[in-house]
Amino acid sequence: MRRPKLWLGIAISAIFLWWSFRQLEWSSFWVALREANYWWIIPGVVVYFGAVWARTWRWHYMLRHIKPVSVRRLFPVVVIGYMGNNVYPARAGEVIRSYVLKRKEGIGMGASLTTVILERLFDGLVMLFFVFVTLPFISLPSGWNALVIAASVLFGVALIIFFALAADPQRTERLYGWFLRRIVPARFHGPAHAALDKIMLGLHSLRSPREVMMIFLTSTAIWLTETTKYWFVMHAFDFRVPFSVLMLMTAVANLALIIPAAPGGAGTFDLAGISVLTSFNVSKSLASSYTIVLHLALWIPITLLGFWYMWREQVAWNDFDQAMDERDDAEVRIQEREATLHDKLIDTAHPEPEVRV
Numbered sequence: 470m471r472r473p474k475l476w477l478g479i480a481i482s483a484i485f486l487w488w489s490f491r492q493l494e495w496s497s498f499w500v501a502l503r504e505a506n507y508w509w510i511i512p513g514v515v516v517y518f519g520a521v522w523a524r525t526w527r528w529h530y531m532l533r534h535i536k537p538v539s540v541r542r543l544f545p546v547v548v549i550g551y552m553g554n555n556v557y558p559a560r561a562g563e564v565i566r567s568y569v570l571k572r573k574e575g576i577g578m579g580a581s582l583t584t585v586i587l588e589r590l591f592d593g594l595v596m597l598f599f600v601f602v603t604l605p606f607i608s609l610p611s612g613w614n615a616l617v618i619a620a621s622v623l624f625g626v627a628l629i630i631f632f633a634l635a636a637d638p639q640r641t642e643r644l645y646g647w648f649l650r651r652i653v654p655a656r657f658h659g660p661a662h663a664a665l666d667k668i669m670l671g672l673h674s675l676r677s678p679r680e681v682m683m684i685f686l687t688s689t690a691i692w693l694t695e696t697t698k699y700w701f702v703m704h705a706f707d708f709r710v711p712f713s714v715l716m717l718m719t720a721v722a723n724l725a726l727i728i729p730a731a732p733g734g735a736g737t738f739d740l741a742g743i744s745v746l747t748s749f750n751v752s753k754s755l756a757s758s759y760t761i762v763l764h765l766a767l768w769i770p771i772t773l774l775g776f777w778y779m780w781r782e783q784v785a786w787n788d789f790d791q792a793m794d795e796r797d798d799a800e801v802r803i804q805e806r807e808a809t810l811h812d813k814l815i816d817t818a819h820p821e822p823e824v825r826v
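Its first residue numbered 470, the sequence shown is counted upward by one per residue in the numbering used here.
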């Protein structure tokens with residue numbers, strides 16, 4: 470299952486990379502890379518890890534209803550997860566992060582993975598917020614409107630569903646209890662019900678408007694901090710754009726990560742970033758060299774630190790494979806339950822005629 474996804478992602482990345490660099494003046498591109506002042510990357514990396522610390526605090530805040538875990542203990546887990554996103558396809562680092570947390574703190578994967586999904590939804594909401602805040606002053610590059618519309622629908626529908634589930638836990642519990650009794654064998658009722666209870670526990674933050682606002686404000690601060698890294702790296706190159714343009718670039722480039730691609734968002738991130746900058750009269754050679762360096766500056770430090778934390782926390786690659794196997798097994802179980810429910814619905818709609826002897 471994983472290998473086809475990997476090859477599909479690589480193929481999509483290859484297409485996006487080709488599109489990113491077609492009609493590029495390679496001589497100007499290499500000149501821009503040679504003349505860049507790479508010292509500006511250092512403050513950018515420092516600021517970026519400030520954003521990673523803020524992400525860790527946000528996760529600590531969302532997990533506290535399940536189990537209080539200090540930011541210091543969570544930070545390595547978050548870094549390992551981001552490293553996993555950079556080396557595994559399909560953003561598998563999110564699952565890996567929950568698996569490492571389960572092994573380290575004993576928190577069930579269902580509950581912690583639900584909080585991670587909520588993080589991603591709020592991140593997407595902030596990206597859309599960046600787009601809509603900057604649109605009155607700067608226009609979206611042509612061709613990216615469909616991505617913004619699709620992301621708006623995706624994140625909007627997902628948040629509505631999660632808010633609806635969290636608003637009335639008793640009603641939600643009765644609903645999934647009703648489904649479990651009809652599609653899951655009796656001997657599995659207990660474990661399945663317990664797993665869904667843990668997922669509901671992960672949605673606890675959505676029950677409080679104050680907590681929802683805190684998560685949103687923290688997410689906004691995180692992405693403004695990350696945009697500051699874009700600003701620092703920009704100073705390594707011979708062009709300047711307003712901070713609002715970099716906010717739009719941050720939003721579009723990270724929304725592009727919704728598109729399946731090779732690990733680390735190769736190609737999708739780059740095409741989005743280059744498109745935003747060239748639409749504001751930055752030459753393609755400068756926009757391309759800047760975006761590639763920025764992408765590497767985002768990718769390399771967190772990945773190297775993730776490898777170091779893997780060694781320090783005694784996490785092996787086999788643990789990553791086991792985490793992915795648990796996710797794949799869960800997907801298979803869901804498909805089996807859907808098939809069972811489908812068969813039962815067919816049997817109910819078309820009962821076999823009674824045979825009289």
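C-beta: ideal position from N, C-alpha, C; glycine also.
Residue i, DSSP secondary structure in three states
{"i": "tryptophan 522", "result": "helix"}
{"i": "aspartate 637", "result": "coil"}
{"i": "glutamate 805", "result": "Confidence at glutamate 805 is low in this model, with a pLDDT of 49, below 50, so its placement is unreliable and the value that follows should be read with caution. Glutamate 805 falls in the helix class under three-state DSSP."}
{"i": "arginine 533", "result": "coil"}
{"i": "leucine 814", "result": "For leucine 814, the predicted structure reports a pLDDT of 43, less than 50, and the residue's modelled location is therefore unreliable. A value from the coordinates is still provided. DSSP places leucine 814 in helix when its eight states are reduced to three."}
{"i": "phenylalanine 708", "result": "coil"}
{"i": "alanine 627", "result": "helix"}
{"i": "proline 545", "result": "helix"}
{"i": "glycine 579", "result": "helix"}
{"i": "leucine 609", "result": "coil"}
{"i": "glutamine 791", "result": "helix"}
{"i": "valine 569", "result": "helix"}
{"i": "arginine 656", "result": "helix"}
{"i": "asparagine 506", "result": "coil"}
{"i": "tyrosine 551", "result": "helix"}
{"i": "valine 540", "result": "helix"}
Nearest candidate by alpha-carbon position, reference residue i, set the options
{"i": "proline 610", "options": "Leu774, His764, Phe789 and Asn750", "result": "Asn750"}
{"i": "glycine 733", "options": "Ser758, Thr747 and Thr772", "result": "Thr772"}
{"i": "glutamine 791", "options": "Met718, Ser748, Ala561 and Ala725", "result": "Ala561"}
{"i": "tyrosine 699", "options": "Tyr517, Leu686, Ile727 and Ala501", "result": "Tyr517"}
{"i": "tryptophan 692", "options": "Ile761, Ile511, Val569 and Arg589", "result": "Arg589"}
{"i": "alanine 523", "options": "Leu543, Leu587 and Pro512", "result": "Leu543"}
{"i": "proline 638", "options": "Leu665, Phe738 and Val569", "result": "Leu665"}
{"i": "alanine 766", "options": "Tyr507, Trp495 and Asn723", "result": "Tyr507"}
{"i": "isoleucine 511", "options": "Glu504, Pro770, Ala722 and Tyr568", "result": "Pro770"}
{"i": "glutamine 783", "options": "Lys573, Met531 and Ile652", "result": "Lys573"}
{"i": "arginine 781", "options": "Trp488, Val546 and Val564", "result": "Val546"}
{"i": "leucine 644", "options": "His662, Phe789 and Arg527", "result": "His662"}
Checklist entry - Three or more beta-carbon pairs under 8 angstroms between the region 594-605 and the region 534-548, yes or no? => result no
Item to check | Touch test, the region 628-648 against the region 671-679, Cβ-Cβ under 8 angstroms, three pairs minimum | outcome: Yes, the region 628-648 is in contact with the region 671-679.
Checklist entry - Which parts of the region 682-766 are runs of the alpha helix (DSSP H), unbroken and 4 residues or longer, counting only runs that do not cross its ends? => result 712-724 and 737-747
Next on the checklist: Three Cβ pairs or more, each shorter than 8 angstroms: is that satisfied between the region 724-744 and the region 476-487?
Outcome noted: yes
Next on the checklist: So, does the region 745-760 touch the region 706-719, judging by three or more C-beta pairs under 8 angstroms?
Outcome noted: Because the criterion of three Cβ pairs below 8 angstroms is met, the region 745-760 and the region 706-719 touch.
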